[in-house]
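Numbering (this note's numbering), first residue to last: 3 to 167. Each residue gets a CB set at the ideal place from its N, CA and C atoms; glycine is no exception. Here the structure comes first, spelled out in structure tokens, and everything after it is commentary.
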């Protein structure tokens, strides 16, 4: 049976090739299906990409005009943004299929994108986090809560950790 749970990443007008490279590395670490990006800034800087693991050979990195036009099958769009009214990530239950959308390093997601997203979450911090760090935290949170997604526990996975008596 195919895995019904997966995540994709949408980057809204990313600026830094270093951050995109780090996002790609996180995508590889946490089993992301694909990464989409909008805007021209990254395209101009991509020759300097820091994807040292060459994750882009396994996970598609796709430039598009509008993140709303590429919603993968069954995915719920989730904006990750430090804004009033967003849900705190520690209390958030991740959808089985999600398109996590992150704003640019030097700005925020447009209201239109946030309104389109079914959920808006934030990481409770005392300030703004780096784009790549934010992606890592969200994907780690998803992995750590893996048995607590909206469809319930995922059976058939080996237990990791010390053996119980």
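Assigned exposure category for residue 24 - 16 Cβ within 10 Å defines buried: By 1-based counting over the chain shown, the position of residue 24 is 22. Label assigned to residue 24: buried.
Residues of its chain near residue 61, where Cβ-Cβ distance is below 8 Å and the 5 sequence neighbours each way are ignored: Residue numbering aside, residue 61 sits at position 59 when the chain shown is read from its first letter. Only 26, 29, 30, 34, 35, 36, 37 meet the Cβ criterion.
Environment of residue 19 [buried if 16+ CB atoms lie within 10 Å]: Translated into the one-based positions of the chain shown, residue 19 becomes position 17. It is buried - the Cβ of residue 19 has at least 16 other Cβ atoms within 10 Å.
Per DSSP, cross-strand counterpart(s) of residue 89: As a first step, residue 89 is located in the chain shown; it is residue number 87 there, counting from the start. Note: residue 89 sits in a beta bridge opposite 123.
Short Cβ contact (8 Å threshold) for residue 65 with residue 39: Here the question's residue 65 lines up with position 63 in the chain shown. Here the question's residue 39 lines up with position 37 in the chain shown. Yes, these two residues count as a Cβ contact at 8 Å.
Residues near residue 81 in its chain [Cβ-Cβ closer than 6 Å; skip 5 each side]: Start at 1 with the first residue of the chain shown, and residue 81 comes out as number 79. If we look at residue 81 and ignore the five residues flanking it on each side, its Cβ neighbours are 103, 111, 116, 119, 122.
Cβ neighbour criterion (16 or more within 10 Å) applied to residue 9: One-based indexing of the chain shown puts residue 9 at position 7. Counting every other CB atom within 10 Å of its CB across the protein chains shown gives residue 9 a total of 16 or more, marking it as buried.
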